[in-house]
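For the sequence shown, the numbering used here assigns the number 45 to the initial residue and increments by one for each residue that follows.
For every residue, glycine included, the Cβ atom is placed at its ideal position computed from N, Cα and C.
Presented below is the structure to which this report refers.
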Amino acid sequence: MHRAGEDVKNALLKPTEQAHAELQTAFDFFNRELFASELPQCLITMNRKPRVRGYFSPNRFIRTDAETTHEIAMNPAAFATRRLVDVLSTLVHEMVHMQMFVAGKDARRNYHNKAWADAMEAVGLVPSNTSAPGGKKTGERVSHYIRSGGPFEKAAEVLIETGFTITWLDRYPITSHTDAGADGAMGAELMQRSALRLNEDPDEPEPTGLEDDGRPATAAPGSTPAAVSAPGQDHGAKMGGDEHGRPDLTATVQNPQGAAQRGLPGETKRGEKKPEPLIHLPMADGKGSTQVNTGKQKFTCPNCRLNAWAKPSARLICGTCECEMEPRGTDHVGAEPVS
């Protein structure tokens, strides 16, 4: 017969509760210390979206009573190769995005504007598209670095001195040139014992990539097909933007007589008013396609605008311009890229 206290103790050791309780503790601490407790509560998730360390998505979740809440997602694959203070800075990065949204100062999707940059500096995080001094402070691909002696660094030191930690680390972490050789990385000891494997996610599918008309992404117009350039996993690439294209959710639904018909639930007869849906389903991009998205990411050459699709963690090179293609399509207001 277990005592109630022992049951509570064991419950706290469950991996799911332990991992999320740690993130919630950090959120509450920084909300109090850096944001005067003005940020609303949100749903903190762990999501291995490629090319980002974290992101903020407004009103992402909804209850049955139609109450919505924002999401802050943290990428656990970006924990082990970084210091604890750096991971916490990603959380605060996304909290600033939430602050901008709540204040009505958020920019267009995935853009980091001047209001956001100023708010970042106010909490002691300096925006930079290179994660180092001298980088651009606004734009689509903007990370940050920690200002020495700033409010965030001082607050984080207090939190860490209490014994706060992140217990569970992804065994297949991603890394980049800004993480490589970082002193005090949370998974440093595990890496020395070969318990972690960098950039080798066993769940990733084989890379594919085709341009609009069926040519591989590396093929110049009029050339013969060539292999798509998708070298390895992430391996220190500058990674901005976010995760996926827009799926076609046009569904086959049953009418009252049981016959299948095309269309979305809630369609009405001519002249009838459509009810406003509580949950908005993204549609395909106006071309009438009924193919369901297979989880591939759209990439676009920043110069010639060539498009290609591949697994989200792929790195594609435009064969015409010989430059790295950029990911396109996001559901999120702000994301910190892996740089």
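Tell me, please, which residues DSSP counts as bridged to residue i.
i, result
"residue 182", "DSSP, once it has assigned bridges, lists no residue as partnering residue 182."
"residue 100", "116 and 378"
"residue 90", "118"
"residue 371", "343"
"residue 354", "341"
"residue 388", "Nothing in the structure corresponds to residue 388, since the chain is present only between 45 and 383."
"residue 105", "113"
"residue 361", "368"
"residue 156", "183"
Taking C-alpha atoms, which residue in the options lies nearest to residue i?
i, options, result
"residue 134", "231, 217, 65 and 70", "70"
"residue 59", "348, 372, 211 and 342", "211"
"residue 228", "151, 123 and 115", "123"
"residue 233", "152, 213 and 341", "213"
"residue 66", "203, 244, 344 and 349", "203"
"residue 245", "89, 99 and 121", "121"
"residue 62", "85, 74, 361 and 209", "209"
"residue 154", "129, 142 and 128", "142"
"residue 139", "127, 129, 152 and 163", "163"
"residue 118", "87, 146, 349 and 340", "87"
"residue 161", "180, 100, 93 and 146", "180"
"residue 101", "201, 129 and 152", "152"
"residue 146", "128, 85 and 98", "85"
"residue 201", "129, 89 and 93", "129"
Below 7 angstroms CB to CB, which residues in the same chain sit around residue i once its five sequence neighbours on both sides are set aside?
i, result
"residue 284", "Note that residue 284 scores 39 on pLDDT, short of 50, meaning its location in the model is unreliable; the coordinates nonetheless yield the value given after this. Excluding sequence neighbours, residue 284 sits near 95, 184, 185 and 381."
"residue 78", "136, 167, 195, 196 and 199"
Excluding the 5 residues flanking residue i on each side, which residues of the same chain have their C-beta closer than 6 angstroms to its C-beta?
i, result
"residue 194", "168"
"residue 346", "370"
"residue 187", "175, 380, 381 and 383"
"residue 125", "217, 219, 223 and 229"
"residue 75", "81 and 83"
"residue 149", "159"
"residue 104", "115"
"residue 215", "240"
CA-CA distance, residue i and residue j?
i, j, result
"residue 113", "residue 106", "6 angstroms"
"residue 131", "residue 378", "16 angstroms"
"residue 217", "residue 57", "23 angstroms"
"residue 359", "residue 109", "42 angstroms"
"residue 68", "residue 206", "15 angstroms"
"residue 158", "residue 363", "35 angstroms"
"residue 73", "residue 241", "32 angstroms"
"residue 182", "residue 144", "14 angstroms"
"residue 237", "residue 349", "44 angstroms"
"residue 361", "residue 368", "5 angstroms"
"residue 351", "residue 372", "9 angstroms"
"residue 231", "residue 91", "19 angstroms"
"residue 340", "residue 357", "9 angstroms"
"residue 127", "residue 98", "15 angstroms"
"residue 366", "residue 235", "34 angstroms"
"residue 64", "residue 156", "27 angstroms"
Which first and last residues belong to the beta strand (DSSP E) in which residue i is found?
i, result
"residue 188", "187-190"
"residue 85", "No beta strand (DSSP E) contains residue 85, which DSSP labels as neither H nor E."
Here's a check: name, in chain order, each residue in its chain whose Cβ is nearer than 8 angstroms to the Cβ of residue i, leaving out the five neighbours to either side.
i, result
"residue 189", "169, 170, 172, 175, 176 and 177"
"residue 343", "253, 261, 351, 352, 353, 354, 358, 360, 369, 370, 371 and 372"
"residue 165", "171 and 191"
Which residues mark the beginning and the end of the alpha helix (DSSP H) in which residue i is found?
i, result
"residue 195", "195-205"
"residue 211", "Element bounds for residue 211: n/a, residue is neither H nor E."
"residue 133", "128-146"
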